[in-house]
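For reference, the structure is listed below as structure tokens.
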Amino acid sequence: MQQQVTRTAGEGDAEAVIGAINGRRSIREYEKRDLAEETVRRLIDAGVQAPTGLGFQPWRFVVVRDRDLMREVSEYCKKTLTAELAGVDDESTQRFLSLLKQEGFNIFYNAPVLVLVFGAADDPMSSLDCTLCAENMMLAAWSLGVGSCWIGSASVVARNSDLMERLQAPEGYNLVAPLIFGYPAAMPEKPERRDPVITRVG
Ligand SMILES: Cc1cc2nc3c(=O)[nH]c(=O)nc-3n(C[C@H](O)[C@H](O)[C@H](O)COP(=O)(O)O)c2cc1C
């Protein structure tokens, strides 16, 4: 049933919404403090408000708090990426490689919580849907004073069936968004945005 529209959609939310969009940063230093399960649930609840192709909501979530397992995943990903990127010699890749080789570096930055967002393998739009879901989660986190970072380096864990089993990866789903959450211990500078290239037609 259609609901009565009492105000223009979203009217009055601009400051909070655009403020969170502009202010959100990828956080790479975390307090030791844990994140309550109900906070994680709020983030997931915000995630699932994202639009999805045909309204399919093709996701599953795995919440990881096992720091030993996260460390193991980190070590595997570091090893795999180091081998894979060995021949690439552009400046950014070289910087990334030296970070990966740093003693004790953890790709999850010792965050207390890792949320893995999985998309249904049989839904061609699921990775788009899960990406929108992930951004909702990161913005909701920001609005709650919780830091986040998408850890693309963790995606290679999908090649390790033993680790995927221990992470309880759901059958028939692909890992789309590995996201860390926790209370920020340091706030990075905002990486500047380039002016968008816009073509106007008509
Ligand atoms: C698909 C994707 C993968 C990313 N992977 C990593 C990663 O592995 N490690 C990391 O520290 N940051 C990662 N990031 C965060 C980006 O580096 C970050 O968003 C970018 O530098 C802009 O900074 P901001 O998020 O603070 O605006 C990733 C972001 C995206 C969207």
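Here the sequence shown is numbered in the UniProt record's numbering, starting from 1 and rising by one per residue.
We put the CB at the ideal spot given by N, CA and C, even for glycine.
Since the model is a prediction, treat every value here as computed from it, not as a measurement.
Less than 7 Å between the C-beta atoms of residue i and residue j, yes or no?
i, j, result
"Ser127", "Val62", "no"
"Pro51", "Gly119", "no"
"Val113", "Val40", "yes"
"Met125", "Gly55", "no"
"Ile198", "Ile151", "no"
"Gly145", "Ile27", "no"
"Tyr173", "Ala121", "yes"
"Pro170", "Arg60", "yes"
"Leu43", "Ala141", "yes"
"Val115", "Leu69", "no"
"residue 205", "Thr93", "As shown, the chain starts at 1 and ends at 202. That puts residue 205 outside it, with no answer to give."
Kindly indicate which residue of the options has the alpha-carbon position closest to the one of residue i.
i, options, result
"Ala111", "Tyr183, Ala9, Arg194", "Tyr183"
"Lys101", "Lys78, Leu43, Asp89, Asp122", "Lys78"
"Phe105", "Glu29, Ala46, Arg60", "Glu29"
"Ser74", "Ala20, Asp123, Leu163", "Leu163"
"Leu81", "Asn160, Arg7, Arg194", "Asn160"
"Gly23", "Leu139, Val40, Asp123", "Leu139"
"Cys149", "Met187, Ala16, Ala36, Leu85", "Met187"
"Leu132", "Glu15, Ala46, Thr8", "Ala46"
"Arg25", "Gln94, Arg95, Arg193, Glu189", "Glu189"
"Ala185", "Glu91, Asp34, Pro196", "Asp34"
"Ala16", "Arg193, Gln4, Ser143, Gln94", "Ser143"
"Arg67", "Arg193, Leu167, Ser92", "Leu167"
"Arg71", "Gly202, Glu103, Val117", "Glu103"
"Ala36", "Pro191, Asp195, Phe181", "Phe181"
"Met137", "Leu99, Val88, Ser98, Val48", "Val48"
Is residue i a contact residue of ligand 1, with contact defined as CB to any heavy atom under 6 Å?
i, result
"Trp142", "no"
"Gly152", "yes"
"Ser26", "yes"
"Cys77", "no"
"Pro191", "yes"
"Cys133", "no"
Per DSSP, which one or two residues make a beta bridge with residue i?
i, result
"Arg166", "Arg166 is not bridged to any residue."
"Trp150", "Leu179"
"Arg60", "Phe118"
"Val113", "Phe181"
"Ser26", "Ser148"
"Asn160", "None, per the DSSP bridge assignment."
query = Residue ranges of each alpha helix (DSSP H) run of no fewer than 4 residues wholly in the segment 62-94, ordered along the chain?
reply = Taken in chain order, the whole alpha helix (DSSP H) runs of length 4 or more contained in the segment 62-94 are 67-84.
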